[in-house]
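Undergrad: Shown below is the structure under consideration.
Protein chains in written order, with our numbering: chain A, 1 to 233; chain B, 1 to 773.
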């Protein structure tokens, strides 16, 4: 909406001036700025205007930053009480996803899964989760051939720990609009497994079956490194 | 040539030769990596004639959509007195669909099948091929390997492992022409362009003096160009090289668009596509945009500041001649089928991995030369602008194009060393086995991302800021007004330069960055909109009260204002991180940066060409052809890039060699409408590409019989309009330099209330007194 108004304002101004001040030839022009070769012309400025269109965009971007703050917190929510998805679920516990006042999915708890990437295939691991919460397998998508499948339950939230076994990849959950790099070798603290990146997958009622693509260029078969997310009730 | 010069030349030649040949290039048997072309490297690197593969059951000419049962088999292999030969296979077909007939065969995709684990000890396999529904020349590539048959190692075991390759072709019902290899198409087009360029140069030489069109005159003429240190001639060399590579990058873009015109297209293989987009990006940024900037800067900066030449003319010539050598290295890999396939960003660890093509080493070496060239150029322009301004020209009286070159070179000077260091690290990793980016040895791939984007994001502004300078010059001259807010324009450019260094993190939002840093980067990235907004509003206000005379350069400037504004607005979606998570690495990004770099930088260059060509050549360009170029170019450009925003939102990922749409039969990543839009984009791309030939034709026509240009055809004020068209050499008499006067010196200037307030805040009492006196 802001983009639309900025565009309309700018283009109306441009359109108006382009035609209003058009001249077939400049013969009758009075040359108010005394433009002549070898002479630095008279200054054509207005401090009030210049300050106005310095401050106005600044206020606009501060407001935009503020507006973007909430979704920033949502997509990289912390774990624990301060986050949107609480602590890791106990055995048998459900996330009970619901929408808050901002339209953000909040959960009572989350389930942990793992995603491993290597040239040019995804591997999904549900760890110890029961199959009604998370399941994996493979499926044949006509154009991509046989691809790995991740089946997640509506109303549950998942935190995917991700890593790569070779180069950088990035799963793009197309229908959810999220992606994050999987890094090879990046390490945060000493750990048996290095899980340097994570992605939240809150499965709400609007999430449907979707294709997972790789969006960080990884070589020959990058464009067909696909997977499939299936949402079950 | 004296002995000292000869020695120096020999040493330089030896160094250049060493640089070219030192990276060890490993060739695969057929030049291209991948099972389809070179076989599985787990079975050794070379083929063996002992193994004889065969395919039976294939027709000479297929019927549409008919299924054929075919048998692939082999005989021969490593000799063993007690065991028969056994092995596996891989079969690839260019068209139609391969399906396994039993459990010994598995399908990787419709075009490729191989043996299963259970089928890894056979000599023949049965499968089904369904022929295409249209007329295509179909190619089969079969690889079989053979061992001597005893997997447990007894009686000689499977110690011998040999493989061989077989290709077979099946014709369609209606004969069609063979498809040309895309690399052959690219090489042919580059060659044709180079020959046309050579003919054009010869023709220019002929027109210069028809009576002296002989080798005896041509040799010193061409030698004069090759050894020149004159800023105008070096500028022309940059300009010609930049336009040539703009064409080469454009040809690659067209081939990319052919590939993406329809879903699932196979005009380019994945392997070829990866090389094409890598070289397209590298060519456009480093071999087209940068040389074009340097071309205009070489020509105009000394003229605008009233200097006879650049401060360091020989260094200037060296800066230029590093570029063609760098270009040669960058493209070297292509001619061995192993061109760089890393993307212009060359992310680690892929760039140092074994799966990256061998040509990547050459590509890195070439870019190191371009870094050296840019660094030397930066030194030269900063020195020239600092010490060679004409008498009377203070810092805040320089033309805005000169200011833009100053800011761009300062940014480049501060950012490009990081890129150079990164490139040298990658080069050493690839050539002598250091481990800067080798994760298993403790290397850090994210270091490359930091070094690259610390340079890469300012680089975007390095190529756009000179276009700002051009637009400022053209719009003021076209409106016959002084630029509105000269000082705020200078501060805005400097502001963009400063902010550009603290925003690069937005390229790494999805790389595991800490949320706190993400917030800071989000804010700083959005901050770029402030100085950019000032510039756009100042340009618009410059027209206020003016007398806008429409020329071709005016049209391109107004076109720039439209497209750059749209590009700036689409850029505001990325710092908003929740949006970025979806749009990152999608076609929305492709649309955005082409709106900024083509709609901004290239449109700025077009304005500059139409504005300064009369000064450079002494001839007026044809306005009718210019307007035609603008109308066709502007419309086709927007038709080309605007729909890409939509494709990105739908989920079309960049750097994917193909895409699939969802139909009733199959699930794809994109809605079916995406196919139509991609075709529309490809057609628009061709129109845009060919529209630029109108400008080239206009230039050639003008050089031959264009109207002679006066010294100041548009009514500009800066020093370049004081000289003849074209200017003499040296551009100004060193003993009689021009002196700039200032129309503001004797004008009563009563500031308004806010101005007084800001003057009080920003100007000290002493300075005020000094000015008053």
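All C-beta atoms, glycine included, are put in the ideal place defined by N, C-alpha and C.
Keep in mind that this is a model prediction, so the values were computed, not measured.
Using the beta-carbon of each residue, which ones in chain A are nearer than 8 Å to residue 741(B)?
TA: Neighbours of residue 741(B) on chain A, chain order: 38, 39 and 40.
Undergrad: Flag this pair as touching only if the region 57–69 of chain A and the region 506–514 of chain B have three or more C-beta atom pairs under 8 Å; answer yes or no.
TA: With the cut-off at 8 Å, the region 57–69 of chain A and the region 506–514 of chain B do not touch.
Undergrad: Flag residue 199(A) as yes if its beta-carbon sits less than 7 Å from any beta-carbon of chain B, otherwise no.
TA: False, the Cβ-Cβ gap to chain B never drops below 7 Å.
Undergrad: Are residue 658(B) and residue 265(B) closer than 7 Å when you measure CB to CB?
TA: Their beta carbons are under 7 Å apart, which means residue 658(B) touches residue 265(B) by this criterion.
Undergrad: What's the C-alpha gap between residue 172(B) and residue 93(B)?
TA: Approximately 14 Å, taken between the alpha carbons.
Undergrad: So, does the region 289–296 of chain B touch the region 593–610 of chain B, judging by three or more C-beta pairs under 8 Å?
TA: Verdict: yes, contact present.
Undergrad: Taking 8 Å as the threshold, find out whether the region 393–410 of chain B comes into contact with the region 420–429 of chain B through three or more Cβ pairs.
TA: With a cut-off of 8 Å, the region 420–429 of chain B and the region 393–410 of chain B do not count as touching, because too few Cβ pairs lie within range.
Undergrad: Using 7 Å as the limit for Cβ to Cβ distance, is residue 482(B) near chain A?
TA: Yes, residue 482(B) lies at the interface with chain A (some Cβ there is under 7 Å from its Cβ).
Undergrad: Anyone know if the C-beta pair for residue 588(B) and residue 648(B) falls short of 7 Å?
TA: Yes, the Cβ-Cβ distance between residue 588(B) and residue 648(B) is below 7 Å.
Undergrad: Where does residue 165(A) sit, in a helix, a strand or coil, going by DSSP?
TA: Residue 165(A): coil per DSSP, three-state reduction.
Undergrad: Mind listing the chain A neighbours of residue 562(B)? Cutoff is C-beta to C-beta under 8 Å, in chain order.
TA: Here the neighbours are 11 and 14.
Undergrad: If we define contact as Cβ-Cβ less than 7 Å, is residue 721(B) a contact residue for chain A?
TA: It does; some Cβ of chain A falls within 7 Å.
Undergrad: Tell me whether residue 98(A) sits in a helix, a strand or coil according to DSSP, three-state version.
TA: Residue 98(A): strand per DSSP, three-state reduction.
Undergrad: Which residues in chain A have a C-beta closer than 9 Å to the C-beta of residue 445(B)? List them in chain order.
TA: Those within 9 Å of residue 445(B) in chain A are 167, 168, 183, 184, 185 and 186.
Undergrad: Once the 5 residues before and after residue 595(B) are set aside, which same chain residues still bring their CB inside 7 Å of it?
TA: The residues are 563, 566, 567, 570 and 641.
Undergrad: Say whether chain A places a C-beta atom closer than 7 Å to the C-beta of residue 655(B).
TA: True, the Cβ-Cβ gap to chain A drops below 7 Å.
Undergrad: Thinking residue 210(A) and residue 175(A) are a contact (beta carbons under 8 Å), I'd like their distance in whole angstroms, please.
TA: That pair is a contact at about 3 Å.
Undergrad: Let me confirm a value: residue 176(B) is counted as buried when at least 16 other C-beta atoms fall within 10 Å, else exposed. Which label applies?
TA: Classification for residue 176(B): exposed.
Undergrad: How close, in whole Å, do the beta carbons of residue 738(B) and residue 306(B) come, if the pair is a contact with beta carbons under 8 Å?
TA: That pair is a contact at about 5 Å.
Undergrad: For residue 505(B), tell me which candidate among 527(B), 486(B) and 454(B) has the shortest Cα-Cα distance.
TA: Taking only the C-alpha atoms, the option nearest residue 505(B) is 454(B).
Undergrad: Look up residue 179(A) in the DSSP assignment and give the residues it is bridged to.
TA: Looking at the DSSP assignment, residue 179(A) forms a beta bridge with 172(A).
Undergrad: Residue 518(B) touches chain A at which residues, Cβ-Cβ below 9 Å?
TA: Ordered by position in chain A, the residues that pass the 9 Å Cβ test against residue 518(B) are 72 and 76.
Undergrad: Count the other CB atoms within 10 Å of the CB of residue 749(B); is the residue buried (16 or more) or exposed (fewer)?
TA: Residue placement at residue 749(B) cannot be trusted, given a pLDDT of 49 that sits under 50; what the coordinates show is reported in the next sentence. Classification of residue 749(B): exposed, given that the 10 Å Cβ count is below 16.
Undergrad: Would you verify that the beta carbon of residue 581(B) is, or is not, closer than 7 Å to some beta carbon of chain A?
TA: With 7 Å as the cut-off, residue 581(B) counts as an interface residue toward chain A.
Undergrad: List, in order along the chain, the chain A residues whose C-beta lies closer than 7 Å to that of residue 546(B)?
TA: The contacting residues are 21.
Undergrad: Taking the straight line between their C-alpha atoms, what separation do you get for residue 665(B) and residue 227(A)?
TA: Distance between the alpha carbons of residue 665(B) and residue 227(A): 18 Å.
Undergrad: Give the residues of chain B in contact with residue 18(A), contact being defined as C-beta atoms less than 8 Å apart.
TA: 543, 548 and 558, listed in chain order.
Undergrad: Can you say whether residue 227(B) is buried or exposed, counting buried as having 16 or more other CB atoms within 10 angstroms of its CB?
TA: When all chains shown are included, residue 227(B) counts as exposed.
Undergrad: Quick check on the DSSP output: the beta strand (DSSP E) that includes residue 74(B) runs from which residue to which?
TA: Residue 74(B) -> beta strand (DSSP E) spans 67–75.
Undergrad: Work out the CA separation of residue 109(A) and residue 233(A) for me, nearest whole Å.
TA: Rounded to whole angstroms, residue 233(A) to residue 109(A) spans 18 Å at the Cα level.
Undergrad: Which residues, taken in chain order from the region 101–129 of chain A, show a beta carbon closer than 9 Å to some beta carbon of chain B?
TA: Within the region 101–129 of chain A, the residues whose Cβ lies closer than 9 Å to some Cβ of chain B are 119, listed in chain order.
Undergrad: Within 10 Å of its beta-carbon, does residue 57(A) have 16 or more other beta-carbons around it, so buried, or fewer, so exposed?
TA: Residue 57(A) should be labelled buried.
Undergrad: Below 6 Å CB to CB, which residues in the same chain sit around residue 166(B) once its five sequence neighbours on both sides are set aside?
TA: Counting only Cβ-Cβ distances below 6 Å, and skipping sequence neighbours, we find 53 and 142.
Undergrad: Between the C-alpha atoms of residue 207(A) and residue 158(A), what's the straight-line distance to the nearest angstrom?
TA: Residue 207(A) and residue 158(A): Cα-Cα distance of roughly 13 Å.
Undergrad: Can you tell me the Cβ-Cβ gap for residue 694(B) and residue 628(B), rounded? I've got them flagged as a contact below 8 Å.
TA: About 6 Å separates the two Cβ atoms, so the contact holds.
Undergrad: Between which residues of its own chain and residue 304(B) is the CB-CB distance below 8 Å, once the five residues before and five after are set aside?
TA: Cβ neighbours of residue 304(B) beyond the five flanking positions: 398, 399, 401, 402, 718, 719 and 720.
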